[in-house]
Amino acid sequence: MSAPSDEGLPSRPKEEAGEEKGPSKSALKKAQKDREKAEKLAKRLALEEEQRMKAEASDTAKHLYGPLSGQSARPVKKFCKSLQDLESVAEDEEVTVQARIYNARAQGAKLAFLVLREQEHTIQVVVAEGGAHGISRQMIKYCAGVNTESFVRVTGLVKAPKDPVHSTSLSNQELHLESLYVVSPAEEQLPLQVKDCIKPPSTREEGEGEADTNDPNATLKTRLDNKILATRAPATNAIFQLQSEICTIYSQYMLSHGFTMIQPSYLAGAATEGGSGVFEVTYFERKAYLTQSPQFFKQMAIAGDIGPVFSIGPVFRAENSNTKRHLTEFTGLDYEMPIQEHYHEVLSFGEDLMLHLIRQLLSRPKSKHLTSIIRDAGYPDAGNFQVPPEGTKATRITFQEAKTLLKDSGFDIGTDPHADIDTAQEKALGDLIKQKYNTDFFTIDQYPLSLRPFYTHPSPSNPELSNSYDFFMRGQEIMSGAQRIHELPMLKEMMKAKGVNPVDPGFKDYEEAFRYGCPMHGGGGLGLNRILQFFLGLNNIREATLFPRDPVRLGP
Ligand code: ATP
Numbered sequence: 004m005s006a007p008s009d010e011g012l013p014s015r016p017k018e019e020a021g022e023e024k025g026p027s028k029s030a031l032k033k034a035q036k037d038r039e040k041a042e043k044l045a046k047r048l049a050l051e052e053e054q055r056m057k058a059e060a061s062d063t064a065k066h067l068y069g070p071l072s073g074q075s076a077r078p079v080k081k082f083c084k085s086l087q088d089l090e091s092v093a094e095d096e097e098v099t100v101q102a103r104i105y106n107a108r109a110q111g112a113k114l115a116f117l118v119l120r121e122q123e124h125t126i127q128v129v130v131a132e133g134g135a136h137g138i139s140r141q142m143i144k145y146c147a148g149v150n151t152e153s154f155v156r157v158t159g160l161v162k163a164p165k166d167p168v169h170s171t172s173l174s175n176q177e178l179h180l181e182s183l184y185v186v187s188p189a190e191e192q193l194p195l196q197v198k199d200c201i202k203p204p205s206t207r208e209e210g211e212g213e214a215d216t217n218d219p220n221a222t223l224k225t226r227l228d229n230k231i232l233a234t235r236a237p238a239t240n241a242i243f244q245l246q247s248e249i250c251t252i253y254s255q256y257m258l259s260h261g262f263t264m265i266q267p268s269y270l271a272g273a274a275t276e277g278g279s280g281v282f283e284v285t286y287f288e289r290k291a292y293l294t295q296s297p298q299f300f301k302q303m304a305i306a307g308d309i310g311p312v313f314s315i316g317p318v319f320r321a322e323n324s325n326t327k328r329h330l331t332e333f334t335g336l337d338y339e340m341p342i343q344e345h346y347h348e349v350l351s352f353g354e355d356l357m358l359h360l361i362r363q364l365l366s367r368p369k370s371k372h373l374t375s376i377i378r379d380a381g382y383p384d385a386g387n388f389q390v391p392p393e394g395t396k397a398t399r400i401t402f403q404e405a406k407t408l409l410k411d412s413g414f415d416i417g418t419d420p421h422a423d424i425d426t427a428q429e430k431a432l433g434d435l436i437k438q439k440y441n442t443d444f445f446t447i448d449q450y451p452l453s454l455r456p457f458y459t460h461p462s463p464s465n466p467e468l469s470n471s472y473d474f475f476m477r478g479q480e481i482m483s484g485a486q487r488i489h490e491l492p493m494l495k496e497m498m499k500a501k502g503v504n505p506v507d508p509g510f511k512d513y514e515e516a517f518r519y520g521c522p523m524h525g526g527g528g529l530g531l532n533r534i535l536q537f538f539l540g541l542n543n544i545r546e547a548t549l550f551p552r553d554p555v556r557l558g559p
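Every position in the sequence shown, counted from 1, becomes a number in my numbering once 3 is added.
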């Protein structure tokens with residue numbers, strides 16, 4: 004029987020109780036060596052720290068650099084909001100700018116070169132020992148070691164370099180550094196280098212015939228996954244600036260033509276298009292749906308006598324379309340207007356709007372500049388978009404003429420005159436129209452009624468056709484529009500013909516619009532992302548969308 008253990012604990016095994024042999028000689032020797040090593044290291048670190056503290060204490064420039072937070076930064080004499088503003092600053096003037104570190108390298112202990120970047124603008128900064136403020140070697144080391152993409156505040160004297168700096172956009176100027184504070188550091192390991200996003204995305208992972216496996220540029224997927232870094236690349240940045248230009252030109256045109264900007268709701272209490280293609284959301288105790296278009300709201304606004312209306316807002320489509328021109332959320336530029344006599348008033352208005360928009364994009368200094376940044380980055384079609392000369396109307400053909408054009412060019416369009424034109428045929432049509440009319444923008448009028456939604460007004464001259472139209476840029480659809488039915492009996496009849504249940508709660512409010520009298524009206528819905536995509540000739544709609552949503556992407 005074993006002896007009872009202390010305090011009732013189980014007895015220790017014999018080895019632990021110290022009855023094993025003592026450590027070997029070699030083990031003792033090794034332990035001694037390890038101890039000595041650790042002591043040596045501690046001594047060295049202490050010495051280094053002492054030297055660092057001494058150097059810091061003697062660093063006469065320490066107030067000129069470091070993290071901005073908690074730092075009593077030098078007072079700013081002249082702040083330049085943009086690097087570009089430096090162009091108007093006189094030589095030797097002291098300025099302060101805020102930008103990102105695009106590049107930083109030391110050239111020995113006494114000199115370093117930085118490149119600052121802000122959107123497409125870059126400038127070289129020279130960090131040299133000495134000078135009026137006594138720049139120290141420690142400061143040079145610090146500046147050269149700031150991680151790229153960090154956001155910094157730099158003060159320096161504007162100088163003309165001996166030779167133009169060809170690698171920067173402000174090649175005839177440089178800044179001679181006086182102080183540098185890090186406003187917000189970037190992590191050292193970046194998931195994506197902005198430099199790899201300068202040119203169009205590589206297609207090497209697309210698995211298509213066009214894939215170039217040697218292309219070193221970041222793929223679209225990597226860029227979309229790391230959107231914040233990707234949008235810092237000048238061309239990507241310019242794409243979204245140009246998107247804002249489109250919205251501005253569109254809004255200005257609509258407002259100057261007497262339209263009122265409205266904000267439709269993007270939530271509906273019922274799925275108006277039968278449930279398919281609609282995102283369902285939980286709305287307290289019940290269900291709601293994200294709207295597939297502001298169509299009904301625009302029409303209800305017309306019935307509410309707001310007059311011609313327009314909106315810019317999200318459109319949600321729960322369609323599993325994984326193509327280069329479909330998203331599950333895009334931005335719609337929608338409009339609706341009363342008709343005085345004929346629906347061509349609406350069609351002509353839309354055509355003139357698009358011609359104005361494209362002409363403005365091609366001629367406004369800001370748009371031209373942005374487009375040139377995008378083209379120079381390697382998008383050859385940016386800025387190369389043909390429209391008829393000022394004073395000339397848009398090219399318009401009927402659906403039947405479009406089919407005849409295709410047939411005459413050898414396309415198999417089948418025998419059904421009401422069969423739709425498919426995407427490939429639309430693209431081919433774009434080429435044919437370009438050859439014939441030298442335009443990248445055209446419209447198709449008078450679609451078969453069977454191809455359009457129930458609220459589309461039939462053509463009075465041919466009930467098989469409709470007063471509807473689509474717009475195209477480079478042979479790709481960017482808008483659908485039509486005259487809408489404004490008479491309740493006809494609307495009900497059409498619902499019945501199209502198999503739409505008129506007592507569906509989704510249509511109750513809509514019907515109200517026509518119960519109390521409604522002007523004749525029509526309009527259209529333009530896709531902002533597609534306009535931008537096809538104006539610039541971008542390969543994929545996701546390049547024209549800041550935060551794209553598609554069947555597989557829900558972030559960032
Ligand atoms: P498509 O035939 O190309 O799928 P659609 O006929 O469904 O388009 P409409 O419902 O008529 O398109 O929408 C009007 C416009 O909205 C289109 O011309 C296009 O510019 C844009 N659009 C429609 N669906 C999408 C989508 N899924 N992603 C991006 N834009 C879209």
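Even glycine gets a Cβ: it sits at the ideal position worked out from N, Cα and C. Values in this document were obtained by computation on a predicted structure and should not be read as measured data.
Report task. Measure the Cβ-Cβ separation of Ala485 and Gly520 and say whether it is below 9 Å. Result -> The answer is no: Cβ separation not under 9 Å.
Query raised in the report: Across which residues does DSSP place Gly335 in a beta bridge pair?
Result: Residue pairing of Gly335 in beta bridges, as defined by DSSP: Gly316 and Gly530.
Query - Cys200 classed as buried or exposed, judged by whether at least 16 other C-beta atoms fall within 10 angstroms - result: When all chains shown are included, Cys200 counts as buried.
Query raised in the report: Quick one, which of Thr331, Glu39, Ser469 and Thr285 has its alpha-carbon nearest Thr548's?
Result: Considering only Thr331, Glu39, Ser469 and Thr285, the residue with the shortest C-alpha distance to Thr548 is Thr331.
Requested in this report: May I ask whether a heavy atom of the ligand ATP can be found less than 8 Å away from the beta carbon of Ile400?
Outcome: Not a single heavy atom of the ligand ATP lies less than 8 Å from the C-beta of Ile400.
Query - Met497 - containing alpha helix (DSSP H), residue span - result: For Met497, the uninterrupted alpha helix (DSSP H) segment begins and ends at Leu491 to Ala500.
**Report entry** For Asp308 and Gln295, the rounded distance between their alpha carbons
**Finding:** Taking the straight line joining both Cα atoms gives about 24 Å.
Query raised in the report: Would you say Phe474 reaches chain D, if we count a Cβ-Cβ gap shorter than 9 Å as a contact?
Result: Structure shown: chain D not included; a single protein chain is present.
Requested in this report: Would you identify the three-state DSSP class for Thr418, choosing helix, strand or coil?
Outcome: Reduced to three states, the DSSP call for Thr418 is coil.
Query raised in the report: Using the beta carbon as the reference atom, which residues fall closer than 5 Å to any heavy atom of the ligand ATP, ordered along the chain?
Result: The filter returns Arg320, His329, Leu330, Phe333, Glu480, Ile481, Met482, Ser483, Gly528, Gly530 and Arg533, in chain order.
**Report entry** Reference Gln192, options Lys202, Thr151, Arg207 and Leu160, closest by Cα
**Finding:** For Gln192, the closest of Lys202, Thr151, Arg207 and Leu160 by C-alpha to C-alpha distance is Thr151.
Query raised in the report: Any chance the segment 434-445 sits against the segment 391-408, with 3 or more Cβ pairs inside 8 Å?
Result: Touching, per the Cβ criterion.
Query raised in the report: Which residues bound the beta strand (DSSP E) around Leu106?
Result: Residue identity check: residue 106 is Asn in the sequence provided, not Leu. Start and end: Glu97 to Ala109.
Report task. List in chain order: all unbroken alpha helix (DSSP H) runs of 4+ residues lying wholly within the segment 242-322. Result -> Listed in chain order, the alpha helix (DSSP H) elements of length 4 or more contained wholly in the segment 242-322 are 298-306.
Requested in this report: Could you please give the first and the last residue of the uninterrupted beta strand (DSSP E) stretch that includes Met3?
Outcome: Residue 3 is absent from the model: the chain starts at 4 and stops at 559.
Report task. Determine the direct distance from the alpha carbon of Leu117 to that of Val155, and round the result to whole angstroms. Result -> Taking the straight line joining both Cα atoms gives about 11 Å.
Requested in this report: Let me know if Asn220 comes out buried or exposed under the rule of 16 or more other beta-carbons within 10 Å of its beta-carbon.
Outcome: That one is buried.
Query raised in the report: Along the chain, where does the beta strand (DSSP E) that runs through Arg399 open and close?
Result: Thr398 to Thr401 is the extent of the beta strand (DSSP E) around Arg399.
Report task. Measuring alpha carbon to alpha carbon, tell me which of Ile488, Lys224 and Tyr450 ends up nearest His460. Result -> Here the closest residue by C-alpha is Ile488.
Query raised in the report: Expressed to the nearest angstrom, what Euclidean distance is found between the alpha-carbon atoms of Thr446 and Phe475?
Result: When rounded, the distance between both Cα atoms is 6 Å.
Report task. Using the Cα positions of Lys230 and Ser205, report the straight-line distance between them to the nearest angstrom. Result -> So the alpha carbons of these two residues sit roughly 16 Å apart.
**Report entry** Nonlocal neighbours in the same chain, by C-beta distance under 6 Å from Lys430, ignoring five residues either side
**Finding:** Excluding positions up to five away in sequence, the list reads Gly478.
Query - From Leu350, His179 and Cys250, residue whose alpha carbon lies closest to that of Ile342 - result: The shortest Cα separation from Ile342 among Leu350, His179 and Cys250 belongs to Leu350.
Query raised in the report: Are Ser469 and Leu491 touching if we call contact CB-CB under 9 Å?
Result: The beta carbons of Ser469 and Leu491 sit no closer together than 9 Å.
Query raised in the report: Between Leu270 and the rest of its own chain, which residues show a CB-CB distance below 8 Å, the 5 nearest in sequence each way excluded?
Result: So the qualifying residues of the chain are Val284, Tyr286, Ala291, Tyr292, Leu293 and Thr294.
Report task. Quickly, what does DSSP pair Ile201 with across the bridge? List them, please. Result -> According to DSSP, Ile201 bridges with nothing at all.
Report task. Would you tell me roughly how many angstroms separate the C-alpha atoms of Glu19 and Gly25, rounded to the nearest one? Result -> Because the pLDDT of Glu19 is 45, which lies under 50, any placement of that residue in the model is unreliable, and the question is left without a value.
Query raised in the report: Taking the alpha-carbon positions, what's the Pro203 to Thr239 distance?
Result: If you take the alpha carbons of Pro203 and Thr239, they lie about 9 Å apart.
Requested in this report: Report the three-state DSSP secondary structure of Lys144 (helix, strand or coil).
Outcome: Of the three classes helix, strand and coil, the one that applies to Lys144 here is helix, per DSSP.
Report task. Please check the pair Gln141 and Ala64, which I expect to be a contact at CB under 8 Å, by giving their CB distance rounded to whole angstroms. Result -> Contact annotation, Gln141 with Ala64: C-beta distance approximately 7 Å; criterion of less than 8 Å satisfied.
**Report entry** Straight-line Cα distance separating Thr418 from Ser254
**Finding:** For Ser254 and Thr418, the gap between their C-alpha atoms comes out near 43 Å.
Query raised in the report: Between Phe300 and Pro267, what straight-line distance do the alpha-carbon atoms span, to the nearest angstrom?
Result: Those two C-alpha atoms are separated by around 6 Å.
Query - Span separating the alpha-carbon of Gly133 from that of Leu178 - result: Those two C-alpha atoms are separated by around 15 Å.
Query raised in the report: Would a C-beta distance cut-off of 9 Å place Leu67 and Arg55 closer than the cut-off?
Result: No, the Cβ-Cβ distance between Leu67 and Arg55 is not below 9 Å.
Query raised in the report: Where do the N-terminal and C-terminal ends of the alpha helix (DSSP H) with Val349 fall, by residue?
Result: Under the DSSP assignment, Val349 falls in the alpha helix (DSSP H) whose first and last residues are His347 to Ser366.
Query raised in the report: When the distance is taken between beta carbons, is Glu121 closer than 9 Å to Arg103?
Result: A distance below 9 Å separates the beta carbons of Arg103 and Glu121.
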